[in-house]
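A quick write-up on the structure given underneath.
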Amino acid sequence: MNNLTARFIEFIEKQGAKKYLLGSIAVAILITFACTFSLSTSYAVVIDGKTMGQISSATALNQAMAAAKEKAQQESGMEITSSYNTVETKINHSLFASKMDNQELAVLLDEKVEWLAPGATLSVNNGEYQFAVATEEEGQKVLDQLKKDATANLGDAVVKSVDFQEEVSLEAGNVKVSEIQSSSKILDEIKAGKEEVKTHVVEEGESFWMIANNNDLSVDELQKLNSDIVPEKLQIGQEISLTKLEPLVSVVVTKEVTVEETIAHSTEYKDTSKLLKGESKVVTKGSDGKKKVTYEVKEANGSTLEKEVVKEVVVAEPVTEVVNKGTGSIQISSRSASSYSGGNGTLSWPLSNNKITSPYGTRSRGFHSGIDLVAKTGTPVYASAGGKVVLSSWYYGYGNCIVVDHGNGLKTRYAHLSGFNVKVGDKVSRGQQIGRSGNTGNSTGPHLHFEVIVNGSTKNPVNYF
Ligand SMILES: [Zn+2]
396 MNNLTARFIE
406 FIEKQGAKKY
416 LLGSIAVAIL
426 ITFACTFSLS
436 TSYAVVIDGK
446 TMGQISSATA
456 LNQAMAAAKE
466 KAQQESGMEI
476 TSSYNTVETK
486 INHSLFASKM
496 DNQELAVLLD
506 EKVEWLAPGA
516 TLSVNNGEYQ
526 FAVATEEEGQ
536 KVLDQLKKDA
546 TANLGDAVVK
556 SVDFQEEVSL
566 EAGNVKVSEI
576 QSSSKILDEI
586 KAGKEEVKTH
596 VVEEGESFWM
606 IANNNDLSVD
616 ELQKLNSDIV
626 PEKLQIGQEI
636 SLTKLEPLVS
646 VVVTKEVTVE
656 ETIAHSTEYK
666 DTSKLLKGES
676 KVVTKGSDGK
686 KKVTYEVKEA
696 NGSTLEKEVV
706 KEVVVAEPVT
716 EVVNKGTGSI
726 QISSRSASSY
736 SGGNGTLSWP
746 LSNNKITSPY
756 GTRSRGFHSG
766 IDLVAKTGTP
776 VYASAGGKVV
786 LSSWYYGYGN
796 CIVVDHGNGL
806 KTRYAHLSGF
816 NVKVGDKVSR
826 GQQIGRSGNT
836 GNSTGPHLHF
846 EVIVNGSTKN
856 PVNYF
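Every position in the sequence shown, counted from 1, becomes a number in my numbering once 395 is added.
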């Protein structure tokens, strides 16, 4: 019994017999109290400076700690050295402390105490990310696997070096047993990566595709990040999210790749009046050359950082093509059927003054399905023969276009027009004005493109005048 209790009883006795009843009740209360809360010295269990509960003896904690350590050791299979936390007892003079029994103490330690064992810490980017491993070998496995994965599927490339872009270190030392992870789990975590939040403000002339390409994203990926944006309706100043998952570690691979490339041949043009303007003739056939180019390519997680040519070997030199290019022209001043020798007179010329600048047939830019005639915009265009208008509208590269069906499988086409004088279904007679020449559709300047179509195939018009 402590001092206070003794003095209290002394006081009761001094009050004499009439106060006896009152004293008895007080003592009864005190005894009840003493049974519930120990009045003897107790010990506070203090973990990292914080009182967690009371126990009756300091040795109880030592025993409980030893048992907890043994349990952790068995569960982890690790050689546990010490607890990470400071666990101690402090003598407590508190009167009314409820005490934990051994089982409650064991539960407390199990919950609050972390154990340390010799292992290793894998640290990325000066400790931004830290991973505990059981052994240095286990940590090394993570690093080796990252490098191995980065150099897999490189084909014929020669790997020059494999490094980590971030500072990566592996250091032996005590680690928290609860934080130890297997190499495969750490690998997954590193590869799963972190969200890298980035936005891009749309600039003039940029397309959705360009932005995706410039940021190593596919159009699909970019669309997923910006589901509210319509790619065709990008606006200057609009913000686009580029947030994506980046691995925690970037593996930088430097490799040498040798590829065969084509050396394009050049073409030399020589003017000649012996050919009509627009006509050309290949004098020396050109051919492309071949070279073997070795690049040194530096990549981080698969995207190219640097690429430079380290070696170039020409396998075959290119041959320059020499082409004679026509400057000549034919002058025909009448649209009568007989003015051009060689024609059969079926058709008359579509203009009153007919000068061919580009004949029918193969030319440098491909096959020319008609003849081009000099015509300023607005020049009257005449039907080459009587017939029925079957087209009088815009028609793809022909621009404003008229087609007249003359019957017997013969049609004529008048293209790049600036205006129409007829509509579909109109009957026209030979020499009747049907439209005005122009520069519409796929045309590089005002002219009339005239075609003769026989049973669906174009023919050289000059044979029909
Ligand atoms: Zn043409």
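Note that CB positions come from ideal geometry on N, CA and C, so glycine has one too.
- Taken through DSSP and simplified to helix, strand or coil, Q540 comes out as helix.
- What you get when you keep residues with a C-beta closer than 6 Å to any heavy atom of ligand 1 is S753, H763, G765, D767, H844.
- Assignment of M605 by DSSP, reduced to helix, strand and coil, places it in the helix class.
- Between N569 and T436, the CB-CB gap reaches or exceeds 8 Å.
- Note that the region 800 to 811 touches the region 773 to 783; at least 3 beta-carbon pairs, one per stretch, sit closer than 8 Å.
- Under the three-pair Cβ rule at 8 Å, the region 571 to 586 does not count as touching the region 545 to 563.
- Taking C-alpha positions only, V857 is separated from W744 by approximately 9 Å.
- When only Cα atoms are considered, I585 and K650 end up about 23 Å apart.
- According to the DSSP assignment, V502 belongs to the alpha helix (DSSP H) that extends over 497 to 507.
- The DSSP-derived three-state label of A659 is coil.
- Distance from I635 to H595 at the Cβ level is roughly 5 Å; contact confirmed, criterion being Cβ atoms closer than 8 Å.
- Shown here, A547 sits in coil according to DSSP, grouped into three states, outside any helix or strand.
- Contact between the region 588 to 608 and the region 526 to 534 is absent: fewer than 3 CB-CB pairs across the two stretches fall below 8 Å.
- Boundaries of the alpha helix (DSSP H) around V614: 614 to 620.
- Residue pairing by DSSP places Y809 opposite I797, F845 in a beta bridge.
- When the beta-carbon positions are compared, I658 and G684 come within less than 8 Å of each other.
- Within the same chain, E561, E562 come within 7 Å of N520 by CB-CB distance, once the 5 residues on both sides are set aside.
- Pairing S518 with L643, the inter-Cα distance amounts to about 11 Å.
- In the three-state scheme derived from DSSP, where H, G and I count as helix and E and B as strand, P775 is classed as strand.
- Inter-residue distance for E474 and N621 is about 51 Å (C-alpha atoms, whole angstroms).
- The DSSP-derived three-state label of Y664 is strand.
- In summary, W510 is buried, with 16 or more beta-carbon neighbours lying within 10 Å of its beta-carbon over all protein chains present.
- For L746, no pairing in a beta bridge is given by DSSP.
- For D583, the uninterrupted alpha helix (DSSP H) run begins and ends at 578 to 587, by DSSP.
- For E712, DSSP assigns no beta-bridge partner whatsoever.
- In the assembly as shown, Q498 is an exposed residue. Its beta-carbon has fewer than 16 other beta-carbons within 10 Å.
- In this structure, T741 is the residue among G833, G794, T741 with its C-alpha nearest to the C-alpha of G804.
- For L456, the enclosing alpha helix (DSSP H) has its first and last residue at 453 to 471.
- A distance below 6 Å between beta-carbons, with the five flanking residues on each side excluded, links V709 to the following residues of its chain, in chain order: K686.
- Listed in chain order, the non-local C-beta contacts of S564 below 7 Å within the same chain comprise S518, local neighbours out to five positions each way being set aside.
- DSSP places Y791 within a helical segment (H, G or I) once states are collapsed to three.
- In the three-state scheme derived from DSSP, where H, G and I count as helix and E and B as strand, N719 is classed as strand.
- Counting only residues of its own chain and dropping the five nearest sequence neighbours on each side, D821 has a CB closer than 6 Å to the CB of V784.
- The C-beta of T774 has 16 or more other C-beta atoms within 10 Å across all chains shown, which makes the residue buried.
- When the beta-carbon positions are compared, L746 and L768 come within less than 8 Å of each other.
- Annotation: V847 to T772 spans about 22 Å, alpha carbon to alpha carbon.
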